[in-house]
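Student: Have a look at the structure that comes next, please.
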Amino acid sequence: MDEDDDPATRAPYAVAIKRASLHHHVVDKLREMVSRGDLPAGERLNEVALAQAIGVSRTPMREAVKLLASEGLLELLPGRGARVRQYSAEELLDMFDVLGALERHAIEIAVSRMTPRALAEIERLHHQMGEAYAKRNQKAYFKANQKLHALIVELAANPALTATHTTLTKQSVHNRHQTLISEQRWKESVAEHQAIFDAIIRGDVSQAGLLMLNHSRKTGAAVVDAARAANEIRIGSGR
């Protein structure tokens, strides 16, 4: 019998793959609960209840909590578990300011190197956002929006930029979809993305970059307003 067909040989790998898959599932589920606002900023986590709700043991839940804490989404409390990290207004605004700078740089590079294939993918996601807005489907709009921003950063082909952007995006995702509850802000976001898309089509590098920077800053201000309205921002913060 071939060694590769030996169950004893395959078993360790199968267990490792299964465990890795479970780990990613728990991490993704917990991150989603934070981003949706199911776990409000500042709330202590009940790891036992969360593990039961997701249908896993406490071990993968503990591992997920540690990972999300390292990403800045959760905060570990010595001897007292963990809670959803609560950012100040200054921290959130600074975060989006940096995100805006990164995305401005990324889109300028992307537009200067644009290929027909990349443009087609940008257009596809742009239309998805438009369709989601027409149907007032916030979840679909936010999902397409996130994919579009990630694609633009990916097109810059700069690993350091991508890594920094990914980290900040994970930290800023908490309740970010709530910024679309305001019909006015949602309408503004759609118009901003249309202007960015038009600049991409024209190949206008500087205009695309400036529009992206302004869009990110406006999104940051909207996130701060939403956090304040939900009392999910540290008291005494503001600019």
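Under the numbering used here, the first residue of the sequence shown is numbered 444, with each subsequent residue one higher.
By construction, the Cβ of each residue, glycine as well, lies at the ideal position given by its N, Cα and C atoms.
Grab me the residues of L535's own chain with a C-beta within less than 8 Å of its C-beta, minus the 5 sequence neighbours each way, in chain order.
Tutor: S615, G663, V666, V667, A670, I676
Student: In three-state terms, what does DSSP make of E486?
Tutor: coil
Student: Considering only their Cβ atoms, is the gap separating H548 from A599 smaller than 8 Å?
Tutor: yes
Student: In chain order, what residues of the same chain have a beta carbon less than 8 Å from the beta carbon of L654, not counting five sequence neighbours either side?
Tutor: E635, A638, I639, A642
Student: Alpha carbons only, please: which of V469, S531, S513, R556 is nearest the one belonging to V596?
Tutor: From the listed residues V469, S531, S513, R556, the smallest Cα separation to V596 is found for R556.
Student: At the level of alpha carbons, what is the spacing between F539 and L656?
Tutor: 9 Å
Student: Within a Cβ cutoff of 7 Å, which residues of the same chain sit near V554, ignoring the five residues on either side of it in sequence?
Tutor: I643, G646, V648, A651
Student: Does the Cβ of H570 have 16 or more other Cβ atoms within 10 Å, making it buried, or fewer, making it exposed?
Tutor: exposed
Student: Rank V527, E506, S659 by C-alpha distance to the C-alpha of H466 and give the top, closest one.
Tutor: E506
Student: Return the CA-CA distance between M476 and L482, expressed in angstroms with no decimal places.
Tutor: 6 Å
Student: Would you identify the three-state DSSP class for V527, choosing helix, strand or coil?
Tutor: strand
Student: Which whole-angstrom value is the C-beta distance of L542 and L611, which I expect to be below 8 Å?
Tutor: 5 Å
Student: According to DSSP, is M444 part of a helix, a strand, or is it coil?
Tutor: Low confidence applies here, because M444 scores a pLDDT of 49, under 50, leaving its location unreliable and the question unanswered by this model.
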